[in-house]
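So the sequence shown is numbered by the numbering used here: it starts at 26 and just counts up by one.
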Amino acid sequence: MMTAEKSERQGWMAVLSRASRAEIAALLGPDLPEHEVLKAPEIGTVMVEGRAGGAGRRFNLGEATVTRCVVRLADGLMGFSYALGRDARKARLAAILDARLQAQAPGSALHQAVGALAARQATARDLASRKAAATKVDFFTLVRGA
């Protein structure tokens, strides 16, 4: 069973994983909180799976590079991050932000800023989806030989 706390945290971690380093740095501000790096940013790979037709059988699409990091703030809260790519600084900043978000009450300014970032990401995703849909060719509507 998924708790509300887990689903909320999963939500902001997904937003942070899709965000750019500049967007994460803007959310944190110029002064980073005091923190200890428990697991320095590590670069590895994960297998990416696809589905035939979007809902069919699974298949291995290929590997993707991922960077992960774990930090602990001075108050003891731990932050984790996983991000596509090889940007170690982004992974560290995202882990710090994860820990700070855990300390903030839902509805705080930091949570609202992450929510605004999620909305911008959803808008960009929707626009890209609409552009792709506009180029779709439906071969079943073509007239076949008489």
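Glycine residues also receive a C-beta, built at the ideal position from the N, C-alpha and C atoms.
- Here the alpha carbon of S42 sits roughly 16 Å from the alpha carbon of V73.
- Looking from the CA of N85, the closest CA among V91, V71, I49 belongs to V71.
- Going by DSSP, A130 is part of no beta strand (DSSP E) at all; its letter is neither H nor E.
- Put simply, the segment 92-107 touches the segment 62-70. At least three CB pairs are less than 8 Å apart.
- For I68 and A77, the gap between their C-alpha atoms comes out near 29 Å.
- Runs of the alpha helix (DSSP H) lying entirely within the segment 57-139, each at least 4 residues long, are 113-128 in chain order.
- Within the same chain, and ignoring the five residues on either side of I121 in sequence, the residues whose Cβ sits closer than 8 Å to its Cβ are L53, L57, P58, H60, V96, L98, G104.
- Using a Cβ distance threshold of 7 Å, R46 and D151 do not count as a contacting pair.
- For the pair V162 and W37, the CB atoms are not nearer than the 7 Å cut-off.
- A89 and A141 have their C-alpha atoms spaced approximately 28 Å apart.
- DSSP, read as helix, strand or coil, puts K161 in coil.
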